[in-house]
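First up is the structure itself, then whatever we jot down about it.
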Amino acid sequence: MLEEILKYNKEFVKNKNYEKFITNKYPEKKTAIVSCMDTRLTELLPAALGFKNGDAKIIKNAGGVISHPFGSVMRSLLIGIYELDVREILVIGHTDCGARYTDSSKLIELMKERGIRQKDIDLIKYYGIDFESWLGGFKDLDQSINKSVELIRNHPLVPEEIRVYGLVIDSVTGELSRVEEKGL
């Protein structure tokens, strides 16, 4: 696959196909998006929002979940806020999310089948990582989005003026709906 990519890239650069993507590092719409790594969202998400290259910082991971207040997603958001003038954050989950029902027990068994040793898994647990929870999915999509929204809003390093919203995108049609903020 890599050879195919490199061959294509050589032509891409030679033909100057990059020119339509030229922008700077500052998000034009002063927005950061936290969303899922699902392949269906690669082009659908920005298109459904009316965003083009350079409009927003898009941070993707499995489930679009912020799992730690000082992990890489929050680090990226803080850099976006303080270095790149991000003023609004959208946490966007999606329908039919593969990470939603991830079973950590099954993942651990698959790891072992591929050579990961039980003693290494135990070592991770020994250092205080709730491995099963960290690997696991979530049952309620809205609740998962709200949890990430609240983590951002209540983070001690996020200024009060930063607006944070939770949304769900339909992974087929691109239709957006706001997540109600109940029970928080």
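Using this note's numbering, the final residue of the sequence shown is 322, and nothing's skipped along the way.
Idealized CB from N, CA, C, for every residue including glycine.
### Task
Have a look at Ile204 and Lys285 and give me their C-alpha separation to the nearest angstrom.
As a first step, residue 204 must be located in the sequence shown, where it is residue number 66. As a first step, residue 285 must be located in the sequence shown, where it is residue number 147. Going from the Cα of Ile204 to the Cα of Lys285 covers about 8 Å.
### Query
With burial defined as no fewer than 16 other Cβ atoms inside 10 Å of the residue's Cβ, what is the status of Lys195: buried or exposed?
Start at 1 with the first residue of the sequence shown, and residue 195 comes out as number 57. Lys195 should be labelled buried.
### Query
Using CA coordinates, which residue listed in Thr180, Asp268 and Glu221 is at the minimum distance from Glu199?
The residue labelled residue 199 in the question sits at position 61 within the sequence shown. The question names Glu, but residue 199 in the sequence shown is Asn. With distances taken between Cα atoms, Asn199 lies closest to Thr180.
### Message
Let me check understanding here. Comparing Cα to Cα, which of Leu140, Gln281, Phe150 and Thr161 lies closest to Gly231?
### Response
What you label residue 231 is simply residue 93 of the sequence shown in a count that begins at 1. With distances taken between Cα atoms, Gly231 lies closest to Gln281.
### Query
When the Cβ atoms of the region 164-182 are set against those of the region 244-256, are three or more pairs found closer than 8 Å?
no
### Query
Quick one: what's His232 bridged to in DSSP?
Here residue 232 refers to the residue found at position 94 of the sequence shown. Beta-bridge partners assigned by DSSP to His232: Ile307.
### Task
Take the Cβ of Asp176 as the centre, count every other Cβ of all protein chains shown within 10 Å, and call the residue buried at 16 or more, exposed below.
For the purposes of this step, residue 176 is taken as residue 38 along the sequence shown, with counting starting at 1. Its Cβ being crowded by 16 or more others within 10 Å, Asp176 is buried.
### Message
For the structure I just gave you, are there three or more beta carbon pairs, one from the region 207-223 and one from the region 285-297, closer than 8 Å?
### Response
yes
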